[in-house]
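Some notes on the structure that comes next.
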Amino acid sequence: MLIAFSGIDSAGKSTQILKVVEYFKSRGRKTKVIWSRGGYTPLFNIFKSILRKITGDALPKPGASKHRDKTFNKKWVRMIWLDMALFDMTFFYCLYFRFLKMWGCVVIADRYLYDTYIDFELKFPKENIERNI
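Note that our numbering has the sequence shown beginning at 824, numbered continuously upward.
Quick look at the structure:
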């Protein structure tokens with residue numbers, strides 16, 4: 824079973840997720856809560872970390888900065904980042920979530936596809952996110 828929670832920050836998602844976890848645990852079900860957002864999944868974070876080590880200062884550090892703005896101002900960088908993030912999310916949701924479900928876990932997604940869609944629309948207004956998806 825997959826249960827997904829989406830919404831703005833401080834909307835009460837975490838509170839509701841805790842209640843759902845308690846419900847399933849009281850009935851003997853295993854649960855796995857997974858927070859995810861496009862570009863910040865575990866595999867993508869590892870990939871970015873490796874690239875930062877290889878390239879030194881060429882890749883910007885996480886968080887807002889002039890270096891990050893300058894780097895993402897290049898269309899080819901945005902497109903590679905978006906494509907890699909979407910590929911990684913596909914892998915994450917399609918394989919990892921199914922693996923957990925196969926092992927009997929109730930998978931609870933704290934953030935899901937629509938949250939990432941909104942994030943990408945806000946972060947990359949110059950790109951047609953729907954076309955990329």
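C-beta atoms are modelled at their ideal positions from N, C-alpha and C, and glycine is treated no differently.
Source: prediction; values computed, not measured.
### Query
If you run the structure through DSSP and keep just helix, strand and coil, what is Asp832?
coil
### Query
According to the Cβ coordinates, are Lys855 and Cys928 closer than 7 Å?
yes
### Message
Please classify Met925 as buried or exposed, where buried requires at least 16 neighbouring CB atoms within 10 angstroms.
### Response
exposed
### Task
Would you check if the distance between the CB atom of Phe847 and the CB atom of Asp911 is smaller than 7 Å?
no
### Query
So, using beta-carbon positions, are Thr864 and Phe943 closer together than 7 Å?
no
### Query
Bridge partners of Leu825, per DSSP?
Val930
### Message
Is it the case that the region 895 to 912 contacts the region 934 to 954, given that we only count it when at least three CB pairs across the two stretches are under 8 Å?
### Response
yes
### Task
Would you kindly work out how many angstroms separate the C-alpha atoms of Ser888 and Gly879, rounded to a whole number?
16 Å
### Task
Kindly list the residues whose CB is nearer than 7 Å to the CB of Trp858, restricted to its own chain and excluding five residues on each side of it in sequence; keep chain order.
Asp933 and Arg934
#### Entry: For Trp858, the residue or residues it bridges with in DSSP
Asp933
### Task
Look up Lys853 in the DSSP assignment and give the residues it is bridged to.
Cys928
### Query
Can the beta-carbon of Ser829 be found less than 7 Å from the beta-carbon of Tyr937?
yes
### Message
Tell me the DSSP secondary structure of Ser872 in three-state form.
### Response
helix
### Ser882 vs Arg875 beta-carbon contact at 7 Å
One detail in the question is off: residue 882 reads as Leu in this sequence, not Ser. Result yes, Cβ atoms of Leu882 and Arg875 sit closer than 7 Å.
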